[in-house]
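Student:
Numbering (the working numbering), first residue to last: 156 to 543.
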């Protein structure tokens, strides 16, 4: 990494952050992932867990758009040996780089996937009585016990065994014959709300459901759930975005390091006159003479349209409002009150890095960090810092 200044109209414009030296000169947007920050965040999260609790990593959806392979390799270097993905395709991508690690399939045993699970020794997270029966049939066919996780629904009403289904298992434990149950897991619905009483409600339901089943280790806490207290830790924790440094439940003295930087270039700057519209459907009209800058990023890159007319991007400490409808390739900013040397065409603008600013951007758009990063498209040049 070197500090880079960009030449525009033969003038140099200093940046407040380092642009990767490996970035192609023609690049218009990039995503940088600091893998040393990922490793340090893993260790920070590990330090707050109760003794004996394993720390896994959720790297589904291409590690939330960051790149599952480099992210998983960095986490493996940090000591992680348990990885959760959504399906067998995601598992096949990372397996060659993880040697002796356990890879868990969150969507369980899908039709036609059993042979791959068996061949690759992936462990399914069974979501229903039907999936339990499918995996049990394989165990009988092979005449051996097969590893599995049982997902218990404690409040999301999404995936997982309901109270009634757990009761069926309790009344007929033969339905679990042939299964080597590695963990019982569940998932918090309101972990990011520390005072939400439903958190303790789900915790109590999880313990009740587990008590109806044969003894096995348990996993309950996601990123925010880890900071709800050691009662939520059990035997394994499963963080996702916290690994990348974005989880506002982690504050001092356990501060996480932002690992992601997303930046895009300004491709032009122009004045607006009073009443002049911006973007499709004229959702914004200038209430006074203004100066705008156009970023070379739009919804085709995954920059969500929900940020239209509400989002805000900080340009070296100056707030720049998003004005007009975000289009496929472009986003327009109000830079009227920002020094001209910070908004020249060719200048890089940081969209995501600082955790608080990222959370604010998401709040303004009525979305979350997960959705923004998971949607980031292939037009971003991806750069991995501190890979080795």
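For every residue, glycine included, the Cβ atom is placed at its ideal position computed from N, Cα and C. Computed from a predicted model, the values in this text were never measured in an experiment.
1. Measure the C-alpha to C-alpha separation of residue 420 and residue 383 and round it to an integer number of angstroms.
2. Using alpha carbons as the reference points, say which of 485, 476, 503 lies closest to residue 491.
3. By the DSSP assignment, the beta strand (DSSP E) with residue 417 in it spans what residues?
4. Do you know how far the Cα of residue 253 is from the Cα of residue 360?
5. By a C-beta neighbour count over all protein chains shown, 10 Å radius and 16 as the cutoff for buried, is residue 355 buried or exposed?
6. Just the Cα atoms here: how many angstroms apart are residue 258 and residue 250?
7. Measure the alpha-carbon distance for residue 199 versus residue 378 and round it to whole angstroms.
8. Quick one: using the 10 Å Cβ neighbour count with 16 as the cut-off for buried, is residue 544 buried or exposed?
9. Quick check on DSSP: helix, strand or coil for residue 374?
10. My understanding is that residue 487 touches residue 434, with C-beta atoms under 8 Å, so please give their C-beta distance in whole angstroms.
11. What three-state label does DSSP hand residue 469 in the structure shown?
12. Quick one: what does DSSP say residue 237 is sitting in, helix, strand or coil?
13. In whole angstroms, give me the CA-to-CA distance for residue 534 and residue 454.
14. For residue 520, count neighbouring C-beta atoms within 10 Å of its own C-beta (all shown protein chains included) and say buried if the count is 16 or more, exposed if not.
15. Might you give, ordered along the chain, the residues of its own chain that have their beta carbon closer than 6 Å to the beta carbon of residue 394, omitting 5 neighbours on each side?
16. Answer with buried or exposed for residue 430, where buried requires no fewer than 16 other C-beta atoms within 10 angstroms of its C-beta.
17. Whose CA, out of 247, 536, 240, 485, lies closest to the CA of residue 262?
18. Apart from the five residues just before and just after residue 473, which ones in its own chain have a Cβ nearer than 6 Å to its Cβ?
19. Can you find the residues in the same chain that come closer than 7 Å, C-beta to C-beta, to residue 189, ignoring five residues on each side of it along the sequence?
20. Quick one: complete alpha helix (DSSP H) runs, 4+ long, within the stretch 261-291?
21. What did DSSP end up calling residue 401 once you bin it into helix, strand or coil?
22. If residue 307 sits next to residue 352, beta carbons under 8 Å apart, how far is it from one beta carbon to the other, in whole angstroms?
23. My parser needs the alpha helix (DSSP H) runs of 4 or more residues fully inside the stretch 438-519; what are they?
24. Closer than 6 Å by C-beta to residue 335: which residues in its own chain qualify, once you throw out the five before and the five after it? Chain order, please.
25. In the DSSP output, which residue or residues are listed as bridge partners for residue 258?
26. Please list, in chain order, all residues of the same chain as residue 177 whose beta carbon is under 7 Å from its beta carbon, the five residues on each side excluded.
27. Pull the bridge partners of residue 392 from the DSSP assignment, please.
28. Just how far apart, CA to CA, sit residue 277 and residue 186?
29. Pairs of beta-carbons, one from the stretch 384-404 and one from the stretch 442-459, closer than 8 Å: are there three or more?
30. Beta-carbon within less than 7 Å of residue 509's beta-carbon, same chain only, minus the 5 sequence neighbours each way: which residues are those?
31. Checking 8 Å against the spacing of the C-beta atoms, do residue 220 and residue 529 come in under that value?
32. I need the straight-line Cα distance from residue 225 to residue 289, nearest angstrom please.
33. CB residue 391 to CB residue 208, shorter than 8 Å?
34. Please confirm whether residue 373 and residue 339 have their CB atoms less than 8 Å apart.
35. Cutting at 8 Å between CB atoms, please list the residues of its own chain near residue 231, excluding the five before and the five after it.
36. Whole angstroms are fine: how far does the CA of residue 525 sit from the CA of residue 159?
Tutor: From the atom records:
1. One Cα belongs to residue 420, the other to residue 383, and the distance between them is close to 40 Å.
2. Nearest option by C-alpha distance: 476.
3. First-last of the beta strand (DSSP E) with residue 417: 415-427.
4. Across the structure, residue 360 and residue 253 are spaced so that their CA atoms are roughly 34 Å apart.
5. Taking all protein chains in view, the Cβ of residue 355 is surrounded by fewer than 16 other Cβ atoms within 10 Å, so the residue is classified as exposed.
6. Between residue 258 and residue 250, the C-alpha separation is close to 8 Å.
7. Whole-angstrom Cα-Cα distance: 12 Å.
8. Because the chain in this structure spans residues 156 to 543, residue 544 falls outside the shown range and cannot be described.
9. Residue state, collapsed to three classes: strand.
10. The C-beta distance from residue 487 to residue 434 rounds to 6 Å, short enough to fall under 8 Å.
11. Residue 469 falls in the strand class under three-state DSSP.
12. DSSP places residue 237 in strand when its eight states are reduced to three.
13. Cα to Cα, the separation comes out at about 11 Å.
14. That one is buried.
15. So the list reads 200, 378, once near-sequence residues are dropped.
16. Exposed, by the Cβ-count rule.
17. Nearest C-alpha to residue 262: 240.
18. Excluding sequence positions up to five before and after residue 473, its CB lies within less than 6 Å of the CB of 493, all in the same chain and listed in chain order.
19. If we look at residue 189 and ignore the five residues flanking it on each side, its Cβ neighbours are 414, 540, 541.
20. Taking only runs of at least 4 residues, the alpha helix (DSSP H) segments lying wholly in the stretch 261-291 are 269-275.
21. Residue state, collapsed to three classes: coil.
22. Not really, about 20 Å apart at Cβ, beyond 8 Å.
23. The stretch 438-519 contains no whole alpha helix (DSSP H) run of 4 or more residues.
24. So the list reads 300, 302, once near-sequence residues are dropped.
25. Looking at the DSSP assignment, residue 258 forms a beta bridge with 238.
26. The residues are 538.
27. Beta-bridge analysis with DSSP links residue 392 to 210.
28. Rounded to the nearest whole angstrom, the CA to CA distance from residue 277 to residue 186 is 30 Å.
29. In the pairwise beta carbon analysis, the stretch 384-404 is classified as not touching the stretch 442-459: fewer than three pairs are separated by under 8 Å.
30. Close CB contacts of residue 509 within its chain, under the 7 Å cut and outside five residues either way in sequence, are with 413 (chain order).
31. Yes.
32. In a straight line, the C-alpha of residue 225 is about 33 Å away from that of residue 289.
33. Going by beta carbons, residue 391 and residue 208 fall inside the 8 Å limit.
34. Result yes, Cβ atoms of residue 373 and residue 339 sit closer than 8 Å.
35. Excluding sequence positions up to five before and after residue 231, its CB lies within less than 8 Å of the CB of 252, 253, 254, 256, all in the same chain and listed in chain order.
36. Residue confidence is low: residue 159 scores 35 on pLDDT, short of 50, so the model does not pin down where it sits. Its coordinate-derived value is still stated next. Near 29 Å, if we compare the C-alpha coordinates of residue 525 and residue 159.
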